[in-house]
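In my numbering, the protein residues as written are 245 to 505.
In structure tokens, the structure reads:
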């Protein structure tokens, strides 16, 4: 029975992703973001459970990738698609006809990344390119931050039929710059292209699979975790872009240090 626990957690991850897709199809950004967070937790524990129980299997690895494509590929991209449609106040054939569909480019990149990950022996203790959960959690945090920011006065369920960010954002003063950026469809599409590249970028990033807990071996990882905790307590969901930048920065410094030793 115990050997089935990892795959059960993986299937729950997939189920959570499917529920999130339904939620975002109805315009519920908060619920969809919560599904991403739940999927990320399940994704972390299915791998941990497999290691603890020594319940490794080829089907488990493939099942995990299939679940991740939905939860961390399709779901966040669908959120971007819905957001772009909200920003232009129209559906389909809007925003220069088909531009909103560019939001789905990260899905393709996520699928390629996950397929490579399953066959890349160099990614057992680190990542090459941005992990798909990091991409999805970035958008989950951003949309949570937008929903709960007082500048927008968004409704708690963030339904498409009763919320128009384009009409609210500029009717009030004092909106921070980052909100103005995320209310720009051009900025959203720019980020979609950026993440499409980052997911398969030739950049080594650290994972959280510790092979040693010594400070000298994990200095930049510990600095990243400490900085992230401080930022979360200070800025909440709005800290997501800074945390992502620090993840990239500290990872580069970490592997540069290893290379020079």
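Note that beta-carbon positions come from the ideal geometry of N, C-alpha and C, so glycine has one too.
All values derive from a computational prediction rather than experimental measurement.
Chain-order list of residues whose beta-carbon lies under 6 Å from that of residue i (same chain, five-residue window excluded)
{"i": "residue 450", "result": "370, 465, 495 and 498"}
{"i": "residue 484", "result": "382, 385 and 386"}
{"i": "residue 275", "result": "267"}
{"i": "residue 522", "result": "It is not possible to answer for residue 522, since the shown part of the chain is limited to 245 through 505."}
{"i": "residue 425", "result": "431"}
{"i": "residue 277", "result": "384, 387 and 388"}
Three-state secondary structure assigned by DSSP to residue i
{"i": "residue 257", "result": "helix"}
{"i": "residue 364", "result": "coil"}
{"i": "residue 262", "result": "helix"}
{"i": "residue 428", "result": "coil"}
{"i": "residue 459", "result": "coil"}
{"i": "residue 317", "result": "helix"}
{"i": "residue 419", "result": "coil"}
{"i": "residue 354", "result": "helix"}
{"i": "residue 444", "result": "coil"}
{"i": "residue 195", "result": "Examination of residue 195 is not possible in this model, given that the chain is present from 245 through 505 alone."}
{"i": "residue 279", "result": "helix"}
{"i": "residue 304", "result": "helix"}
One or two residues paired with residue i in a DSSP bridge
{"i": "residue 450", "result": "370"}
CB contact flag (residue i, residue j, <8 Å)
{"i": "residue 304", "j": "residue 350", "result": "no"}
{"i": "residue 261", "j": "residue 279", "result": "yes"}
{"i": "residue 353", "j": "residue 252", "result": "no"}
{"i": "residue 308", "j": "residue 376", "result": "no"}
{"i": "residue 331", "j": "residue 429", "result": "yes"}
{"i": "residue 482", "j": "residue 389", "result": "yes"}
{"i": "residue 472", "j": "residue 459", "result": "no"}
{"i": "residue 289", "j": "residue 321", "result": "no"}
{"i": "residue 526", "j": "residue 362", "result": "Here the chain comprises residues numbered 245 to 505, so residue 526 is not present and cannot be evaluated."}
{"i": "residue 443", "j": "residue 372", "result": "no"}
{"i": "residue 374", "j": "residue 293", "result": "no"}
{"i": "residue 477", "j": "residue 491", "result": "no"}
{"i": "residue 380", "j": "residue 438", "result": "no"}
{"i": "residue 273", "j": "residue 391", "result": "yes"}
Cut-off 7 Å between Cβ atoms - residues of its own chain near residue i, not counting five sequence neighbours on either side
{"i": "residue 415", "result": "At residue 415, the pLDDT of 45 sits below 50, so the modelled position is not reliable; the number obtained from the coordinates is stated separately. There are no such residues."}
{"i": "residue 453", "result": "369"}
Contacts around residue i, its chain only, beta-carbon distance under 8 Å, and the 5 residues preceding and following it disregarded
{"i": "residue 314", "result": "258, 261, 262 and 265"}
Near the ligand ADP: residue i beta-carbon under 7 Å from a heavy atom
{"i": "residue 293", "result": "Of the ligands one can find in the structure shown there are none, so the ligand ADP has no counterpart to examine."}
For the 8 Å Cβ check, are there 3 or more pairs between the stretch 344-364 and the stretch 324-331?
Flag = yes, the stretch 344-364 and the stretch 324-331 touch.
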